[in-house]
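Trainee: All letters in the sequence shown, in the order written, are residues 1 to 271 by full-length UniProt numbering. My structure is below; once you've seen it, I'll send some questions.
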Amino acid sequence: DDEHMWLIPFSPGSDHTLTIDFSQSQTIAGLRIWNYNKSPEDSYRGLQTLRVCVDGVCISPPDGFLIRKGPGNCHFDFAQEILFMDYLQSPTSTTGGSRNSQDSHVVSRTEEQASMEYEAPLMPCGIFQLQLLTTWGDPYYIGLNGLELYDQNDQKITLTENIAAFPDSVNVLDSVCGDVRTPDKLIDGVNSTHDGRHMWLAPVLPGLVNRVYVIFDQPMTVSMIKLWNYSKTPQRGVKEFGNHVEDQDVKMTNENQIVHHHKKKPQTADP
Numbered sequence: 001d002d003e004h005m006w007l008i009p010f011s012p013g014s015d016h017t018l019t020i021d022f023s024q025s026q027t028i029a030g031l032r033i034w035n036y037n038k039s040p041e042d043s044y045r046g047l048q049t050l051r052v053c054v055d056g057v058c059i060s061p062p063d064g065f066l067i068r069k070g071p072g073n074c075h076f077d078f079a080q081e082i083l084f085m086d087y088l089q090s091p092t093s094t095t096g097g098s099r100n101s102q103d104s105h106v107v108s109r110t111e112e113q114a115s116m117e118y119e120a121p122l123m124p125c126g127i128f129q130l131q132l133l134t135t136w137g138d139p140y141y142i143g144l145n146g147l148e149l150y151d152q153n154d155q156k157i158t159l160t161e162n163i164a165a166f167p168d169s170v171n172v173l174d175s176v177c178g179d180v181r182t183p184d185k186l187i188d189g190v191n192s193t194h195d196g197r198h199m200w201l202a203p204v205l206p207g208l209v210n211r212v213y214v215i216f217d218q219p220m221t222v223s224m225i226k227l228w229n230y231s232k233t234p235q236r237g238v239k240e241f242g243n244h245v246e247d248q249d250v251k252m253t254n255e256n257q258i259v260h261h262h263k264k265k266p267q268t269a270d271p
């Protein structure tokens, strides 16, 4: 709804300033930004870089903060968090516990550079979208056990609150409430399992493509994605999916259906 958005003419090379005045002294730790998101096409009107000054003192990096493009939909809360401390700390310190923290071998996120031996470019700040296209036979539900992303050094990227899905889970159905197979189970680290408490499952709805989103607030190089297919009911596992990253689409086929060596379970609309 553009009645709740801000839009001004853009003039290249000119200043475009938004000023916030407080009547008394305030301690500001960071910002949360929802970029312009009226539609997929209009999301290109969103902010790309932002310079922040407090009482005339610039506290942003020399090139400004990089702001990711809006997704063009409201499938999840697409707010981007900018914590000033992440840019004021020493380069050798880590960001353990933050929303997009990585393992201790990675230096400050503002220092990350792509390896020259790696063919893919440094991925821009943005959203990795897995479009789940087909199942291994179940027409009603689609699911996964888990996923992992790896950086340019083939090290696993720590994911904490970076995950979302649309539809979110089977809990969107009127007949379902409190099912534990929610998106956060995709990154709980328990992947090789038949325990439904560590899986994600969503309905296949008419006219909708099921999506899983991995959201980064800072630039991140991703060299590899690992998926663990849905094992509780193998027919509900993902067969074909597309990987959408910053307007680039790659269609992939998962050749690994999980097979149970017992009598085939009949298809059912019961989750």
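All C-beta atoms, glycine included, are put in the ideal place defined by N, C-alpha and C. From a predicted model like this one, the values you see are computed outputs, not experimental measurements.
Which stretch, first to last residue, makes up the beta strand (DSSP E) that contains Gly146?
Mentor: In the DSSP assignment, Gly146 falls within the beta strand (DSSP E) that extends over Tyr141 to Tyr150.
Trainee: If I measure Cβ to Cβ from Thr17 and keep anything under 6 Å in the same chain, skipping five residues before and after, which residues do I get?
Mentor: none
Trainee: Going by DSSP in three states, Ile127 sits in which element: helix, strand or coil?
Mentor: strand
Trainee: For Ser43, which residues from the same chain have a beta carbon less than 6 Å from its beta carbon, with the 5 sequence-adjacent residues on both sides left out?
Mentor: Asn37, Lys69, Gly70 and Gly72
Trainee: By alpha-carbon positions, which one of Gly46, Asp15 and Ala202 ends up nearest to Val176?
Mentor: Ala202
Trainee: Just mark Trp136 as buried or exposed, buried being the case when its beta carbon has 16 or more other beta carbons within 10 Å.
Mentor: By the beta-carbon neighbour count (other beta carbons within 10 angstroms, threshold 16), Trp136 is buried.
Trainee: What first and last residue would you give for the beta strand (DSSP E) that runs through Ile28?
Mentor: No beta strand (DSSP E) contains Ile28, which DSSP labels as neither H nor E.
Trainee: From the DSSP output, in three-state form, read off Gly196 for me.
Mentor: helix
Trainee: On the DSSP bridge list, what partners appear for Phe65?
Mentor: Leu50
Trainee: Could you check where the beta strand (DSSP E) with Gly242 kicks off and where it finishes?
Mentor: Val238 to Val245
Trainee: Buried or exposed: where does Arg32 fall if 16 or more other Cβ atoms within 10 Å of its Cβ makes it buried?
Mentor: Classification for Arg32: exposed.
Trainee: Only counting the same chain, and skipping five residues up and downstream in sequence, which positions put a Cβ closer than 6 Å to that of Gly13?
Mentor: Contacts found: none.
Trainee: Within 10 angstroms of the Cβ of Gln152, are there 16 or more other Cβ atoms? Answer buried if so, exposed if not.
Mentor: buried
Trainee: According to the neighbour-count rule (16 or more other Cβ atoms, all chains shown, within 10 Å of its Cβ), is Thr49 buried or exposed?
Mentor: exposed
Trainee: State the DSSP-derived secondary structure class of residue 273, mapped to helix, strand or coil.
Mentor: Outside the displayed range of the chain (1 to 271) lies residue 273, so it cannot be described from this structure.
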